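The opening residue of the sequence shown carries number 1 in full-length UniProt numbering; numbering runs sequentially from there.
Below you'll find the structure, written out as structure tokens, and then a few comments.
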Amino acid sequence: MNNSRFFTPATLGHHTLKNRIVLPPLTRQRSTQPGNVANELMAEYYQQRAGAGLLVTEGTQIEPRGQGYAWTPGIHTPEQIAGWRKVTEAVHAREGVIFAQLWHVGRVSHSALQPDGAAPVAPSAVATDRVSVFIETGPGMGALVPPSAPRALTTEEVQELVQLYIQAARNAMDAGFDGIELHCANGYLVNQFISAHSNLRTDQYGGSLHNRLRFLREVVAGVAECIGKEKVGVRFAPLFTTTDEARTYLGMVEEDPHTTYIEAIKVLQDVGIAYLSIAEADWDDAPVMPETFRRAVRETFSGAIIYAGRYNAESGARLLDSGLADFVAFGRPFMANPDLPARIANDWPLNALNPATVYGGHAEGYVDYPVYAD
1 MNNSRFFTPA TLGHHTLKNR IVLPPLTRQR STQPGNVANE LMAEYYQQRA GAGLLVTEGT
61 QIEPRGQGYA WTPGIHTPEQ IAGWRKVTEA VHAREGVIFA QLWHVGRVSH SALQPDGAAP
121 VAPSAVATDR VSVFIETGPG MGALVPPSAP RALTTEEVQE LVQLYIQAAR NAMDAGFDGI
181 ELHCANGYLV NQFISAHSNL RTDQYGGSLH NRLRFLREVV AGVAECIGKE KVGVRFAPLF
241 TTTDEARTYL GMVEEDPHTT YIEAIKVLQD VGIAYLSIAE ADWDDAPVMP ETFRRAVRET
301 FSGAIIYAGR YNAESGARLL DSGLADFVAF GRPFMANPDL PARIANDWPL NALNPATVYG
361 GHAEGYVDYP VYAD
């Protein structure tokens with residue numbers, strides 16, 4: 001099979017990337033405790049995968065209230081910034097390009113993860129269901145539990161959150177990242193503002209679609225002004241059909257998802273950010289993203305477009321050939337194959353992923369997957 005399409009010249013922002021293969025954000029829960037600090041083990045993990053054209057970190061919370069799962073890293077304390085600097089230096093030593101994904105879970109959290117055991121914050125006091133969060137129950141031990149009921153943010157608090165995103169982007173620059181990706185997908189905070197299901201506000205951040213997009217607009221514009229629009233990406237996960245899957249963002253299928261997300265993408269186009277990453281539904285029998293939507297995305301957004309889903313080398317190459325994507329992200333295959341770009345280039349077989357070691361733990365199932373050997 002000819003996989004050369006992955007290795008044609010590629011531009012993203014001010015970067016010329018070595019290939020069109022992306023390591024997408026993948027939650028791994030390996031940060032140092034206490035403090036949710038990125039560490040040497042994480043630096044090794046990302047350095048192993050620096051053969052990607054672009055690496056995007058796992059979601060990293062922008063403030064303490066932004067955490068929905070135990071042991072995920074943050075980027076709001078000096079110790080966390082210093083920890084991430086180990087990661088960026090390791091990736092840059094292999095001539096990699098790495099963006100930090102900035103994350104706030106909003107209502108998808110639990111009081112055990114919140115400062116002073118408070119309720120999670122959200123656009124509205126609307127609980128989410130059919131989803132679990134992960135709390136620590138003891139040293140190195142945890143459990144999946146239902147989220148706690150959230151409280152609605154005041155208008156002033158929403159505006160303060162915009163500033164927290166901007167500060168987190170500044171922190172990412174201090175940590176040596178090449179840019180940031182705003183996590184606006186999967187039913188987390190920005191998605192909660194966008195969705196008519198979770199945003200019942202009556203102030204300027206709720207009601208009409210234009211108002212529901214205001215938080216996205218202010219965060220994207222504020223971050224772009226702070227660090228440069230060429231250093232900013234955004235991730236969406238538009239859903240067009242609901243299923244019975246227990247997923248964070250179920251119940252977030254909008255009445256008119258095509259219009260909702262094309263209008264959201266127009267916000268990104270107006271600011272002129274570097275890229276848009278679209279996460280497709282990736283479970284068994286997942287709904288297929290409509291071709292009409294993909295074409296509208298390409299017509300609406302002039303920056304780089306990344307798709308992530310259950311792609312393999314063959315289906316990813318077809319997507320690149322269609323002209324509807326500039327990059328393809330590989331999640332599970334990249335967890336198990338640190339040398340994935342070389343395997344794609346040479347048609348080498350892939351290591352199988354061990355699902356039991358994806359979340360939490362230490363080196364096993366994290367940095368011990370072998371590279372290909374003849």
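Every residue, glycine too, gets a C-beta built ideally from N, C-alpha and C.
Keep in mind the model is a prediction, meaning the values are calculated, not measured.
Residue state for A149 is assigned as coil, using DSSP reduced to three classes. Under the three-state reduction of DSSP output, V87 falls in the helix class.
Counting only runs of 3 or more residues that sit fully inside the stretch 23-74, the beta strand (DSSP E) segments are 54-61, in chain order. With contacts defined as CB atoms closer than 8 angstroms, T72 and P25 fail to qualify as a contacting pair. Going by C-alpha positions, G66 is about 7 angstroms away from W103. Around the CB of M252, 16 or more other CB atoms lie within 10 Å, so the residue is classed as buried. Of the candidates F193, G106, D282 and Q48, G106 places its Cα closest to the Cα of P64.
C-alpha of L320 to C-alpha of R298: approximately 12 angstroms in a straight line. Per DSSP, R94 lies in no alpha helix (DSSP H) and is assigned neither H nor E. Nearest C-alpha to N191 among A168, A363 and I265: I265.
In the DSSP assignment, V328 falls within the unbroken beta strand (DSSP E) covering F327 to A329. Ranked by how close their Cα comes to the Cα of N3, the residues I21, L12 and H14 have I21 in first place.
Excluding residues up to 5 positions away in sequence, N3, F6, I21 and A313 lie with their Cβ nearer than 7 angstroms to the Cβ of I344 in the same chain. Sequence-distant Cβ neighbours of Y261 in its own chain, meaning closer than 7 angstroms and more than five residues away, are F236 and P238. By DSSP's assignment, L17 forms a beta bridge with A10.
Boundaries of the alpha helix (DSSP H) around L340: L340 to N346. Take M289, set aside five residues on each side of it, and the residues of its chain with a beta-carbon closer than 6 angstroms to its own are E280, in chain order. Taken through DSSP and simplified to helix, strand or coil, F334 comes out as helix. Here the C-alpha atom of A308 lies approximately 12 angstroms from the C-alpha atom of P333. Contact between the stretch 177-188 and the stretch 88-99 is established, with three or more Cβ pairs separated by less than 8 angstroms.
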